[in-house]
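*Asks:* Protein chains in written order, with my numbering: chain A, 50 to 550; chain B, 19 to 323; chain C, 90 to 352.
Here you go, one structure.
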Amino acid sequence: MKRFWIVLSMLLLIISLLTVSTVAANEVIIGSPADARTLFAMKFIDLATHDPISNIYDPLITRDRETMEYIGHLAKGWEVLDDLTWEFYLNEGIKFHNGAPFNAEAVKFTIDYINDPDNEMAYRGRYSPIHTVEIMDEYTVRFHTTEPMPILLDRLTSCYILEPGYVTEFGETHASLNPIGTGPYKFVEWVQNQEIVMERFEDYWMGTPEVERVIFRPIPEFSTRVAALLVGEIHVIRDVPGHMVARVDSGRRTEVRGIPSSRVNYIALVNFQEGPMQSKEVRQALNYAVNVQELIDFVLDGSATQMAGPLSVINPDHDPSLEPYPYDPEKAVQMIRDAGYEPTQLSFTLDSPDGRYPQDREVAMAIADQLREIGINVSVRVNEWGTHLDRIINRNTGEMFLLGWGPAFNAQGTIESLMVTDRTYSGFGLSWLDEMVAKAVGLVDPDEMREAWDEIQQLVYDEAPWIFLWQQHDLWGVNSDLDWTPRADERVLGFEMRWND
Amino acid sequence: MQRYLVKRIFQMLIVVFLALTAVFFMQFLAGDPVILLLPMDATFEEIAEMRERLGFDDSIFVQYFRFVSRALQGDFGPSLRHPQTAIQLVLSRVPATLELALIAVVVSLLVAIPIGVISAAFRGSWFDQVAIVVTVFGQAVPGFWLGIMLILFFSVTLEWLPTGGRGELNNLILPIITLTAFYAARFARMTRSTVLDVLNTDYIRTARAKGLSERRVLYKHALRNASISIITLLGLQLGQLLGGAVVTETVFYWPGLGRLLVQSLLNRDFPVVFTGVFFIALVHATLNLAVDLFYLVVDPRISYD
Amino acid sequence: MLGFAIVLIVIISSLFAPFIAPSDPNQANRPNRLQPPGSPGHIFGTDQHGRDLFSRVIFGARISLFVGLVTVLIAGTIGTVVGLFSGYFGKWLDSVIMRLVDVWLSFPFILLALIINAILGMGLRNVVITLIITGWVIFARLVRGEVLALKNRDYIQAAKALGQSELKIIFFHILPNVFTPIIIISSLQISQIIIAEATISFLGFGVQPPTAAWGNMLSDGRNFLFNAWWMATFPGLALAFTALGLNLFGDWLRDTLDPKISK
Numbered sequence: 050m051k052r053f054w055i056v057l058s059m060l061l062l063i064i065s066l067l068t069v070s071t072v073a074a075n076e077v078i079i080g081s082p083a084d085a086r087t088l089f090a091m092k093f094i095d096l097a098t099h100d101p102i103s104n105i106y107d108p109l110i111t112r113d114r115e116t117m118e119y120i121g122h123l124a125k126g127w128e129v130l131d132d133l134t135w136e137f138y139l140n141e142g143i144k145f146h147n148g149a150p151f152n153a154e155a156v157k158f159t160i161d162y163i164n165d166p167d168n169e170m171a172y173r174g175r176y177s178p179i180h181t182v183e184i185m186d187e188y189t190v191r192f193h194t195t196e197p198m199p200i201l202l203d204r205l206t207s208c209y210i211l212e213p214g215y216v217t218e219f220g221e222t223h224a225s226l227n228p229i230g231t232g233p234y235k236f237v238e239w240v241q242n243q244e245i246v247m248e249r250f251e252d253y254w255m256g257t258p259e260v261e262r263v264i265f266r267p268i269p270e271f272s273t274r275v276a277a278l279l280v281g282e283i284h285v286i287r288d289v290p291g292h293m294v295a296r297v298d299s300g301r302r303t304e305v306r307g308i309p310s311s312r313v314n315y316i317a318l319v320n321f322q323e324g325p326m327q328s329k330e331v332r333q334a335l336n337y338a339v340n341v342q343e344l345i346d347f348v349l350d351g352s353a354t355q356m357a358g359p360l361s362v363i364n365p366d367h368d369p370s371l372e373p374y375p376y377d378p379e380k381a382v383q384m385i386r387d388a389g390y391e392p393t394q395l396s397f398t399l400d401s402p403d404g405r406y407p408q409d410r411e412v413a414m415a416i417a418d419q420l421r422e423i424g425i426n427v428s429v430r431v432n433e434w435g436t437h438l439d440r441i442i443n444r445n446t447g448e449m450f451l452l453g454w455g456p457a458f459n460a461q462g463t464i465e466s467l468m469v470t471d472r473t474y475s476g477f478g479l480s481w482l483d484e485m486v487a488k489a490v491g492l493v494d495p496d497e498m499r500e501a502w503d504e505i506q507q508l509v510y511d512e513a514p515w516i517f518l519w520q521q522h523d524l525w526g527v528n529s530d531l532d533w534t535p536r537a538d539e540r541v542l543g544f545e546m547r548w549n550d
Numbered sequence: 019m020q021r022y023l024v025k026r027i028f029q030m031l032i033v034v035f036l037a038l039t040a041v042f043f044m045q046f047l048a049g050d051p052v053i054l055l056l057p058m059d060a061t062f063e064e065i066a067e068m069r070e071r072l073g074f075d076d077s078i079f080v081q082y083f084r085f086v087s088r089a090l091q092g093d094f095g096p097s098l099r100h101p102q103t104a105i106q107l108v109l110s111r112v113p114a115t116l117e118l119a120l121i122a123v124v125v126s127l128l129v130a131i132p133i134g135v136i137s138a139a140f141r142g143s144w145f146d147q148v149a150i151v152v153t154v155f156g157q158a159v160p161g162f163w164l165g166i167m168l169i170l171f172f173s174v175t176l177e178w179l180p181t182g183g184r185g186e187l188n189n190l191i192l193p194i195i196t197l198t199a200f201y202a203a204r205f206a207r208m209t210r211s212t213v214l215d216v217l218n219t220d221y222i223r224t225a226r227a228k229g230l231s232e233r234r235v236l237y238k239h240a241l242r243n244a245s246i247s248i249i250t251l252l253g254l255q256l257g258q259l260l261g262g263a264v265v266t267e268t269v270f271y272w273p274g275l276g277r278l279l280v281q282s283l284l285n286r287d288f289p290v291v292f293t294g295v296f297f298i299a300l301v302h303a304t305l306n307l308a309v310d311l312f313y314l315v316v317d318p319r320i321s322y323d
Numbered sequence: 090m091l092g093f094a095i096v097l098i099v100i101i102s103s104l105f106a107p108f109i110a111p112s113d114p115n116q117a118n119r120p121n122r123l124q125p126p127g128s129p130g131h132i133f134g135t136d137q138h139g140r141d142l143f144s145r146v147i148f149g150a151r152i153s154l155f156v157g158l159v160t161v162l163i164a165g166t167i168g169t170v171v172g173l174f175s176g177y178f179g180k181w182l183d184s185v186i187m188r189l190v191d192v193w194l195s196f197p198f199i200l201l202a203l204i205i206n207a208i209l210g211m212g213l214r215n216v217v218i219t220l221i222i223t224g225w226v227i228f229a230r231l232v233r234g235e236v237l238a239l240k241n242r243d244y245i246q247a248a249k250a251l252g253q254s255e256l257k258i259i260f261f262h263i264l265p266n267v268f269t270p271i272i273i274i275s276s277l278q279i280s281q282i283i284i285a286e287a288t289i290s291f292l293g294f295g296v297q298p299p300t301a302a303w304g305n306m307l308s309d310g311r312n313f314l315f316n317a318w319w320m321a322t323f324p325g326l327a328l329a330f331t332a333l334g335l336n337l338f339g340d341w342l343r344d345t346l347d348p349k350i351s352k
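Written out as structure tokens, the structure is:
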């Protein structure tokens, strides 16, 4: 027995010698729920892939972090020559990490690369209306499109520019694992599922970044991620749930920084099958019957803003004349009766993902409870994410499903994708609405566009294809000593960070 | 002996092949991989085109034939998500997986065998009773709960150990404790009951009757006989640990095979799933074979033709 | 006997859950969410929906025991039959079955959970199906081993010599003799299955909400370990307590029923 105690105390001694020492290096470690898929720009962009990519590569255009208006980045300016032609003027003297110059050639190469079907780029569909990129001179390019493409600027905010010589010489696989861009951080090392390390690019054209190294570390389990943040092993995490805000704020080293995001959450009311969901009155009634503010207060702990219609208030195309549906259960019951139904006869299935959006499953259950209060029977069906998408694509969901959408900075991206009959992830369709959207998509004149999308928003508001819920607030868990303000477009850029002394 | 070995290896290959075939056909039930490769504003046409490019619109049997003929040449294809090939991805996880599994098994045995033997030798004593309760709880606590509690205590409250990751020795401590809690408990119970069984055989009674000391009976005879069952269990558990430490790997973000397999499944990256299953099935079958051969060495009563 | 008492308590509380639980386990009261244990009317506190945790633990016993019992019953039956035939007939049948068992054991069980989930959706029934499909193997192995040891015994040989049919020998002479180990392993398996249910929930394919089962309560609670420790702790304790009871019960069964071990 004595020996046991000796061994135990030895063990404890070893453990205490091994304990974590926090070295004050000038680096920022960002904890993410998943590893990147690739580091080749434009191949796939989910958040976990986009985060490191947006630090290594630069887009042509970006958004002002306050107003979310377009501002030049690699392109210093642009001009619309006619409905089908855009001209971009590029910044001069920018270098890739390998020393190659950034110029019109790189822009053309990138767009051509995306549009070549053999390259199997996930985002080809977003750029396919661009049929040629014409090099006017070293720093001027002209985009020729097959159809009017007012959404082009939005697309270009996430079009990261590749180095033509490097990709051609070494091939895509090598470039995926050893990326070269013009961005503020140079790639150092990627140990799969452990970390992606990058160091600052001294010759960055906007100035040398403050933070020397940026590291992305995938930590799948939420509790572990928070623990790592609390003890200072990592410095930034996304999506702190509302109920954890107080805990993170009370941490010695940590705090929560929130920002209203452009991402929206909604319940689709599926009108593809015969039944009560095809009645506009029933769909409106459901909007009256759900107490959105109560959900925000008690399920999300306040971290969302109720929305009127399908777009968030920070979406530039949002129509400010709309007001959220008020909570009015009596009116809801009356409307359902007027439509020829009795609330207690109605029985719906609500499909929800689990852990994809803030408290998604909890929200679905709370909505089911609220609708039950006026007699509607709603059963929640929780799905694994892939299964959830399968159901939506195969039009195999219940009468309702929960989904989120973003970043959303224009009307087309949201309304065309989610409310037009033959779109992949749509839950709704009306032939006259399909036609109106198709017309609006082709408009280039800003005033005409505004008018068309405002009208559509009002009609959509009235048709109630969704239970309009809210725009998310992104809650970032951040080390208190880090000087960094989150952005509405979900980007996490090392260039915008610095350590307080 | 040689004939036996050849026969078993042949059977082993059939087993691995069957496992792969089963997984291959199951992928068609698990869902469409293509939708997870494209953004959510992709149109049906884009999805259909990508499906065609990747060969997912061929008939199941054409795909199966293609898969088998490639696999026979050792080519499991590229990952659908990552730039590497499926084999590269799986192999890159093997060191971390082996490291965790082997250390966990060894530590578990070191903890479990003394507990099991002492429990059996002093059946009904306070030590035995405490051991029973502890081992039951060890098996009754879900790994994820224990793991997170360990992190809360050792990482957050005491700030002694890192929350996870891999690289240094102290990254290993918490995952090993989590795994050991379960496996040591299982081994200890197993050891206890086996030793008890052995102690009651005529053979031991004879040994005792011959006047051998209790200690000698215990170590020389009982433990030796119990080792057969322990080795069997060991082979089985090691095989399971290679693919099955998913929970521990997830909680402590340990870059192991189990996590790769689960992620690949959820992302429907089927080539990686096949390769992972292939690897696990192969190791499993090899371990089974090794265990059977071990019997041959340890127990002269067993013979294979 | 302590084991028996614990098992009895769990069974009684699950049978009489509606009378024991102070409130409806699925009744949400969101303004009152995440209340600590001991707050008025909630001795175990409340969860993220403001549901009474004590009531959920009591009702959870039903689902968890149901999952454990049904799985063990069905998987045990399948495994026993397979093991009996495999062990008794031996030769090629045994080889085939044992290699099948190998395939089974090398098959990642999450893959199975995922596929069943994709075909049938999430839910209690599908959790049970997953656990049965993975669980029978243990019984098959165990029974086969026992049969191998039994089949050369004199009385079996005698029955054979008397010209009794093979099936009769298997079910009337061998089965009764392997019953004891089956019962013992069953009592131990139940707790393992309840934990497996928790693991399935952790991986995201568990019992559908709002149904309370210890496994999904534990899995949900893990996200609240920093700010509401009670959510995972009470179902965890209930699970551990039950496992302890079942194990002690199994040991006791072993000691009383197994003729090899004398007191």
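The beta-carbon is built from N, C-alpha and C at its ideal position, and this holds for glycine as well.
1. To the nearest angstrom, how far is it from the Cα of A:R175 to the Cα of A:G230?
2. Going by C-alpha distance, which of A:D387, A:G389, A:R405 and A:I416 is nearest A:L399?
3. Mind pulling the alpha helix (DSSP H) runs of 4 or more residues that sit fully within the stretch 161 to 215 of chain C?
4. Looking at C-beta atoms only, is the number of pairs between the stretch 281 to 299 of chain A and the stretch 423 to 435 of chain A that lie closer than 8 Å three or more?
5. Figure out for me which residue from C:N206, C:F313, C:N118 and C:I271 has the closest Cα to the Cα of B:Q45.
6. Along the stretch 282 to 310 of chain B, what residues have a CB closer than 9 Å to any CB found in chain C?
7. The alpha helix (DSSP H) with A:A348 in it runs from where to where?
8. Spell out whether any CB of chain B is found under 8 Å from the CB atom of A:E500.
9. With A:V237 and A:V246 assumed to form a contact (beta carbons below 8 Å), what rounded beta-carbon distance in angstroms separates them?
10. Does A:V431 come within less than 8 Å of chain C when only Cβ atoms are used?
11. Would you mind reading off the limits of the beta strand (DSSP E) that contains A:D368?
12. So if I threshold CB-CB distances at 8 Å, which residues from the stretch 54 to 65 of chain B count as touching chain A?
13. Run the CB neighbour count on A:Q408, radius 10 Å, all protein chains shown included, and call it buried at 16 or more, exposed below.
14. Since A:T436 meets chain C, which of its residues come closer than 7 Å, beta carbon to beta carbon?
15. By Cβ distance below 8 Å, which residues in the same chain neighbour A:K144 in space, the five residues on each side in sequence not counted?
16. Can you pull out the residues from the stretch 116 to 132 of chain C whose beta carbon lies closer than 8 Å to at least one beta carbon of chain A?
17. Where does A:M50 sit, in a helix, a strand or coil, going by DSSP?
18. Would A:G121 pass as a contact of A:I110 if the rule is Cβ separation under 8 Å?
19. Any beta-carbon of chain B closer than 8 Å to the one on C:T288?
20. Within 10 angstroms of its Cβ, does A:N314 collect 16 or more other Cβ (buried), or is it exposed?
21. Given this structure, state the Cα-to-Cα distance separating C:A329 from C:F133, to the nearest angstrom.
22. Would you grab the beta carbon distance between A:N336 and A:A513 for me? Rounded to a whole angstrom, and I think it's under 8 Å.
23. Out of B:R21, B:T39 and B:Y22, point me to the one whose CA is closest to B:V295's CA.
24. Take every Cβ of the stretch 495 to 514 of chain A, pair it with every Cβ of the stretch 474 to 485 of chain A, and state whether three or more of those distances are shorter than 8 Å.
25. List, in order along the chain, the chain B residues whose C-beta lies closer than 8 Å to that of C:G325?
26. Between the C-alpha atoms of C:P111 and C:G130, what's the straight-line distance to the nearest angstrom?
27. Return the bridge partner residues of A:G80 from the DSSP annotation.
28. Tell me whether B:W272 is buried or exposed, calling it buried when 16 or more other Cβ atoms sit within 10 Å of its Cβ.
29. Sort B:L252, B:R26 and B:F83 by Cα distance to B:A202 and report the nearest one.
30. Which of the residues in the stretch 168 to 190 of chain B, read from start to end, lie with their CB under 9 Å from any CB of chain A?
31. Is it the case that the Cβ atoms of A:F158 and A:P197 are separated by a distance below 8 Å?
*Replies:* This is what the structure gives:
1. Those two C-alpha atoms are separated by around 21 Å.
2. Closest option to A:L399, Cα to Cα, is A:I416.
3. Whole alpha helix (DSSP H) segments, 4+ residues: 180 to 195 and 198 to 209.
4. Result no; under three Cβ-Cβ pairs closer than 8 Å.
5. In terms of Cα proximity to B:Q45, the closest of C:N206, C:F313, C:N118 and C:I271 is C:N206.
6. The residues in question are L283, L284, V291, G294, V295, I298, A299, L300, V301, H302, A303 and N306.
7. Looking at the sequence provided, one finds Val at residue 348 of chain A rather than Ala. Per DSSP, A:V348 is not a residue of any alpha helix (DSSP H), being assigned neither H nor E.
8. Chain B, which has no Cβ nearer than 8 Å to the Cβ of A:E500, makes this no.
9. About 4 Å separates the two Cβ atoms, so the contact holds.
10. At least one chain C Cβ lies under 8 Å of A:V431.
11. In the DSSP assignment, A:D368 falls outside any beta strand (DSSP E), carrying neither H nor E.
12. Identification of residues in the stretch 54 to 65 of chain B having a C-beta nearer than 8 Å to some C-beta of chain A yields L54, L55, L56, P57, M58, D59, A60, T61, F62, E64 and I65, given in sequence order.
13. By the 10 Å Cβ count, A:Q408 comes out buried.
14. Under the 7 Å cutoff, chain C gives N206 and A207.
15. A distance below 8 Å between beta-carbons, with the five flanking residues on each side excluded, links A:K144 to the following residues of its chain, in chain order: P150, F151, T231, D252 and W254.
16. Going along the stretch 116 to 132 of chain C in chain order, one finds A117, R119, P120, R122 and L123 with a Cβ nearer than 8 Å to chain A.
17. Interpretation of A:M50 is limited by its pLDDT of 49, a score under 50 that renders its predicted location unreliable; the figure taken from the coordinates is listed afterwards. It is coil, neither helix nor strand.
18. Going by C-beta atoms, A:G121 is nearer than 8 Å to A:I110.
19. Interface criterion met: the Cβ of C:T288 is under 8 Å from a Cβ in chain B.
20. Around the beta carbon of A:N314, 16 or more other beta carbons lie within 10 angstroms, which makes this residue buried.
21. Those two C-alpha atoms are separated by around 16 Å.
22. About 5 Å separates the two Cβ atoms, so the contact holds.
23. The alpha carbon of B:V295 has as its nearest neighbour, out of B:R21, B:T39 and B:Y22, the alpha carbon of B:T39.
24. Touching, per the Cβ criterion.
25. Neighbours of C:G325 on chain B, chain order: V159, P160 and W163.
26. C:P111 and C:G130 have their C-alpha atoms spaced approximately 8 Å apart.
27. In the DSSP output, where bridge partners are listed per residue, A:G80 has A:R266 and A:I286.
28. Buried, since its Cβ has 16 or more Cβ neighbours within 10 Å.
29. For B:A202, the closest of B:L252, B:R26 and B:F83 by C-alpha to C-alpha distance is B:L252.
30. Hits within the stretch, in order: I169, L170, F172, S173, V174, L176, E177, W178, L179, P180, T181, G182, G183, R184, G185, E186, L187 and N188.
31. No. Outside cutoff.
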